[in-house]
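**Q**
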Amino acid sequence: MINPPRPSVQKRASVEKAALGDIFTYEIEVKNNAGGGEWQLISLKDRLPSYLHYIPGTTTINEKPIGDKGWKENSYETTIEKLQAGETHLLRFQVRVVEIPPANKLVNTTTVTGFDKDGKEHSPPPAEVVVSSDYGEDDLDISKEIIDEKGEHLENAIINVGDKVYYRLQVTNKVANTTLKDVQVIDKLAAVLAIDKSSLQVEANGNSVPYQGGFSESGLDLQNLTITEKEPVFITFAVTVKPEASGDIKNTAQANLPNQPAIDSNEVSMRALPNPYLKKKRINNQSN
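Per numbering that gives the first Met the number 0, the sequence shown starts with residue 0, numbered consecutively.
Here it is in structure tokens:
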């Protein structure tokens with residue numbers, strides 16, 4: 000009767016918490032513990048979740064760089080020929096946080112399967128490590144402008160009652176090589192502006208962007224926008240100046256990420272001229 004191997008696998012992360020765009024290191028220790036028999040044909044597998052991306056060129060085995068051997072489509076797989084009692088296979092590699100998952104937990108699991116000399120399988124429990132995650136205060140940006148139908152700027156312009164103007168918002172992901180999800184955009188409008196609901200366009204790089212929500216009585220409220228770092232989302236819609244408008248019409252939009260405070264856009268302003276009117280006054284002529 001052969002002496003069975005005594006396998007184990009441990010997984011560690013170099014951080015306990017990571018923000019969007021952060022890079023950290025995973026360390027996986029596969030071991031045939033002292034007193035065990037030979038452990039053979041050991042299959043090691045580690046598939047990264049979609050919210051983590053492998054950093055090419057960062058993999059080492061027992062402190063020696065191996066390039067990207069074993070990596071394919073964000074998954075690592077290799078076979079260790081054998082480990083004698085007391086021997087260790089130490090794997091390290093780096094990852095980048097490219098999305099924040101809904102539960103704010105970066106979960107990654109490694110599985111290991113091997114055999115003894117008689118071909119009997121010996122597999123330790125999978126090794127899992129959890130790193131907490133969240134968005135940062137500077138991940139998102141929003142700006143706003145007033146334009147006419149030709150795209151000419153109307154900031155601080157004088158407009159007339161009945162004129163149609165356009166608001167254009169730009170919402171930007173400021174973190175390189177990442178994706179922002181569940182972005183909300185709110186734009187509360189002055190009561191003296193009539194919204195043209197059919198004019199709403201939500202686009203990135205000339206293509207329509209999925210969203211939920213739309214217009215309410217008080218203005219715009221869009222939810223569940225997804226924004227990549229290279230493609231800002233542009234939101235455009237038209238409003239018409241109502242007859243009761245007079246003086247400065249100022250406006251600020253907001254954008255926010257889950258569990259983060261809203262950020263304000265720049266303030267935009269235009270000045271409305273009221274309808275001209277005639278005032279009739281009765282004059283009594285008295286003769287002396």
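By construction, the Cβ of each residue, glycine as well, lies at the ideal position given by its N, Cα and C atoms.
Quick check on ASP290: buried or exposed, where buried means 16 or more other Cβ atoms within 10 Å of its Cβ?
**A** Nothing in the structure corresponds to residue 290, since the chain is present only between 0 and 287.
**Q** Using 8 Å for Cβ pairs, my map puts PRO3 next to HIS88. What's the rounded Cβ distance?
**A** As a working mapping, residue 3 is identified with position 4 in the sequence shown. As a working mapping, residue 88 is identified with position 89 in the sequence shown. Incorrect: roughly 18 Å between the Cβ atoms, too far for contact.
**Q** Identify every residue that forms a DSSP beta bridge with ASN172.
**A** The residue you call residue 172 lines up with position 173 of the sequence shown. Bridge partners of ASN172: LEU139.
**Q** State the Cα-Cα distance for the pair LYS278 and ASN155, rounded to the nearest angstrom.
**A** By 1-based counting over the sequence shown, the position of residue 278 is 279. By 1-based counting over the sequence shown, the position of residue 155 is 156. Residue placement at LYS278 is poorly supported in this model, since its pLDDT is 47, which falls under 50; the coordinates still yield a value, given next. If I take the Cα positions, the gap works out to 29 Å.
**Q** Tell me which residue opens and which closes the beta strand (DSSP E) that GLY294 is part of.
**A** Because residue 294 is not part of the residues shown, which for the chain are 0 to 287, the question remains open.
**Q** Thinking just about the alpha-carbon of each residue, which of GLN253, SER268, VAL96 and PRO273 is nearest to the one in ASP220?
**A** Translated into the one-based positions of the sequence shown, residue 220 becomes position 221. Out of GLN253, SER268, VAL96 and PRO273, GLN253 has the C-alpha closest to the C-alpha of ASP220.
**Q** Below 6 Å CB to CB, which residues in the same chain sit around ARG46 once its five sequence neighbours on both sides are set aside?
**A** As a first step, residue 46 must be located in the sequence shown, where it is residue number 47. Around ARG46: SER74.
**Q** Where does PRO308 fall in DSSP's three states?
**A** Beyond the ends of the chain as shown, which are 0 and 287, falls residue 308; an answer cannot be given.
**Q** Tell me, which residues are paired with ALA254 by DSSP?
**A** Along the sequence shown, one-based indexing puts residue 254 at 255. DSSP lists VAL184 and ILE262 as partners of ALA254.
**Q** Grouping DSSP H, G and I as helix and E and B as strand, with all else coil, what is ILE248?
**A** Against the sequence shown, residue 248 aligns to sequence position 249. Strand at ILE248.
**Q** Taking PRO124 as the reference, which of ASP21, GLY135, THR112 and PRO273 has the closest Cα?
**A** Taking the first residue of the sequence shown as position 1, residue 124 is located at position 125. Of ASP21, GLY135, THR112 and PRO273, the residue nearest in Cα terms is THR112.
**Q** Taking 7 Å as the cut-off, decide whether the C-beta atoms of ALA303 and VAL128 are in contact.
**A** Nothing about residue 303 can be reported from this structure: the residues present for the chain run from 0 to 287 only.
**Q** Taking the alpha-carbon of SER215 as reference, which of LYS187, SER142 and SER207 has the nearest alpha-carbon?
**A** Position 216 of the sequence shown, counted from the first residue, corresponds to residue 215. Ranking the options by Cα distance to SER215, first place goes to LYS187.
**Q** Can you name the start and end residues of the beta strand (DSSP E) that GLY113 belongs to?
**A** For this step, residue 113 is matched to residue 114 along the sequence shown. From DSSP, the beta strand (DSSP E) with GLY113 extends over 104-114.
**Q** Do you know whose CA, among GLU26, GLU76 and ASN31, lies nearest GLN93's CA?
**A** Mapped onto the sequence shown, residue 93 falls at position 94. It is GLU26 whose Cα lies nearest to the Cα of GLN93.
**Q** Please identify the residue among ASN223, ALA261 and ALA84 whose C-alpha is closest to the C-alpha of GLN211.
**A** Walking along the sequence shown from the start, residue 211 turns up at place 212. Considering only alpha carbons, the answer is ASN223.
**Q** Determine the direct distance from the alpha carbon of LYS10 to that of THR24, and round the result to whole angstroms.
**A** Position 25 of the sequence shown, counting from 1, holds the residue named residue 24. Position 11 of the sequence shown, counting from 1, holds the residue named residue 10. So the alpha carbons of these two residues sit roughly 11 Å apart.
**Q** Buried or exposed for PRO64, going by 16 or more other Cβ atoms inside 10 Å?
**A** Counted from its first residue, the sequence shown places residue 64 at position 65. Taking all protein chains shown into account, PRO64 has fewer than 16 neighbouring C-beta atoms within 10 Å of its C-beta and is therefore exposed.
**Q** Considering only their Cβ atoms, is the gap separating LYS16 from THR110 smaller than 7 Å?
**A** Looking up residue 110 in the sequence shown gives position 111. Looking up residue 16 in the sequence shown gives position 17. In this structure, LYS16 does not lie closer than 7 Å to THR110 by Cβ.
**Q** Starting from THR78, trace the beta strand (DSSP E) both ways and give me its first and last residue.
**A** Walking along the sequence shown from the start, residue 78 turns up at place 79. Run containing THR78: 74-82, per the beta strand (DSSP E) assignment.
**Q** So is ILE1 buried or exposed if we call it buried at 16+ other beta carbons inside 10 Å?
**A** As a working note, residue 1 is residue 2 in the sequence shown. So ILE1 counts as exposed.
**Q** If you count every other CB in all the chains shown that lies within 10 Å of the CB of GLN200, and 16 or more means buried, which is it?
**A** As a working mapping, residue 200 is identified with position 201 in the sequence shown. Exposed, by the Cβ-count rule.
**Q** Going by DSSP in three states, ARG5 sits in which element: helix, strand or coil?
**A** On the sequence shown, residue 5 is found 6 positions in, with the first residue counted as 1. Of the three classes helix, strand and coil, the one that applies to ARG5 here is coil, per DSSP.
**Q** With the cut-off set at 7 Å, would you say LYS143 and VAL191 are in Cβ contact?
**A** To locate residue 143, count along the sequence shown from 1; it is residue 144. To locate residue 191, count along the sequence shown from 1; it is residue 192. No.
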